[in-house]
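Data first, discussion second: the structure below is written as structure tokens.
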Ligand code: B4P
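In the working numbering, the protein residues as written are 2 to 186.
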């Protein structure tokens, strides 16, 4: 089962994906986390990704898709797979379809979490990660609108795939909505 967590920066994709993975025993891949790990370890990918992530841009489709392809083969990901923050472009979504076709798998649900933008800015400033300053946050929102939001049209062509839920509530309340979406598959 492939579950995609979708939404603007800070809607809680990572928070909800981690809870679902822990409670359901599924594999959890956050491409953002994978890139931050590569940056900290100063690997070749990390060196390329650092400036892009710090500026709020998107790392190239080839790099993130390679990370996804390798991770999906791990045993932990066979019972269930949670993709958190991937795909983020039409190119990534198309690449994912190809990877899944080759392994006979399909996306089961796209969980689209929504929260108004000003609440998100406050959340991210509070989180205070290196890429959570106001200028970078605004850049990430602009990238989201231009590159990532159009993916909703991409997945809307596949019947009943998108479950949109309100992420503007306490973490456990949002989780009950996430769980209901997964159980409705
Ligand atoms: P990500 O790591 O995916 O981070 P994000 O979108 O900013 O946050 P997320 O939605 O996961 O929010 P979270 O749960 O942490 O991306 C970081 C960067 O990596 C990108 O800008 C890009 O450069 C790069 N990248 C990642 N994937 C890529 C890809 N596929 N292609 C290219 N580049 C890629 O929650 C945010 C905060 O809110 C936390 O502090 C949390 O505690 C809080 N929070 C969560 N839920 C809450 C709730 N219900 N109420 C109040 N606070 C809440």
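Heads up, the beta-carbon is just placed ideally off N, CA and C, and yes, glycines get one too. Keep in mind that this is a model prediction, so the values were computed, not measured.
Within the chosen definition, does the segment 34-50 reach the segment 63-76 through at least 3 CB pairs nearer than 8 angstroms?
-> For the pair of segments examined, the segment 34-50 was found to touch the segment 63-76: the number of CB pairs separated by less than 8 angstroms reaches three.
Going straight from the alpha carbon of residue 111 to that of residue 126, what length do you get?
-> The straight-line gap separating the alpha-carbon atoms of residue 111 and residue 126 is approximately 27 angstroms.
Apart from the five residues just before and just after residue 14, which ones in its own chain have a Cβ nearer than 6 angstroms to its Cβ?
-> 6, 8, 85 and 86
At 3 residues or longer, and completely inside the segment 17-99: list those beta strand (DSSP E) runs for me, N to C.
-> 28-31 and 82-85
Can you tell me the Cα-Cα spacing of residue 60 and residue 53, whole angstroms?
-> Rounded to whole angstroms, residue 60 to residue 53 spans 6 angstroms at the Cα level.
Compute the distance between the beta-carbons of residue 81 and residue 114, then report whether it is under 9 angstroms.
-> no
Does the distance from the C-beta atom of residue 11 to that of residue 144 stay below 9 angstroms?
-> no
Within 9 angstroms, strictly: CB atoms of residue 182 and residue 164 | In this structure, residue 182 places its C-beta atom within 9 angstroms of the C-beta atom of residue 164.
By how many angstroms is the C-alpha of residue 119 removed from the C-alpha of residue 51?
-> Residue 51 and residue 119 have their C-alpha atoms some 26 angstroms from each other.
Start-to-end residues for the alpha helix (DSSP H) that takes in residue 154 = Residue 154: member of the alpha helix (DSSP H) spanning 152-157, first to last residue.
Out of curiosity, what's the CA-to-CA distance linking residue 93 and residue 173?
-> 30 angstroms
Coil, strand or helix - residue 127 by DSSP = helix
What are the boundary residues of the alpha helix (DSSP H) that includes residue 138?
-> Per DSSP, residue 138 belongs to the alpha helix (DSSP H) from 135-144.
Within 10 angstroms of its Cβ, does residue 79 collect 16 or more other Cβ (buried), or is it exposed?
-> exposed
Three-state secondary structure (DSSP) at residue 121?
-> In the structure shown, the three-state DSSP call for residue 121 is helix.
How is residue 1 classed by DSSP in three states: helix, strand or coil?
-> Absent from the model: residue 1. The displayed extent of the chain is 2 to 186, so no value can be given.
If you run the structure through DSSP and keep just helix, strand and coil, what is residue 9?
-> coil
Under the rule that 16 or more other beta-carbon atoms within 10 Å means buried, what is residue 185, buried or exposed?
-> exposed
Taking the continuous alpha helix (DSSP H) assigned at residue 115, which residues delimit it?
-> Looking at the DSSP string, residue 115 is not in any alpha helix (DSSP H); the run it does join, the beta strand (DSSP E), is 108-115.
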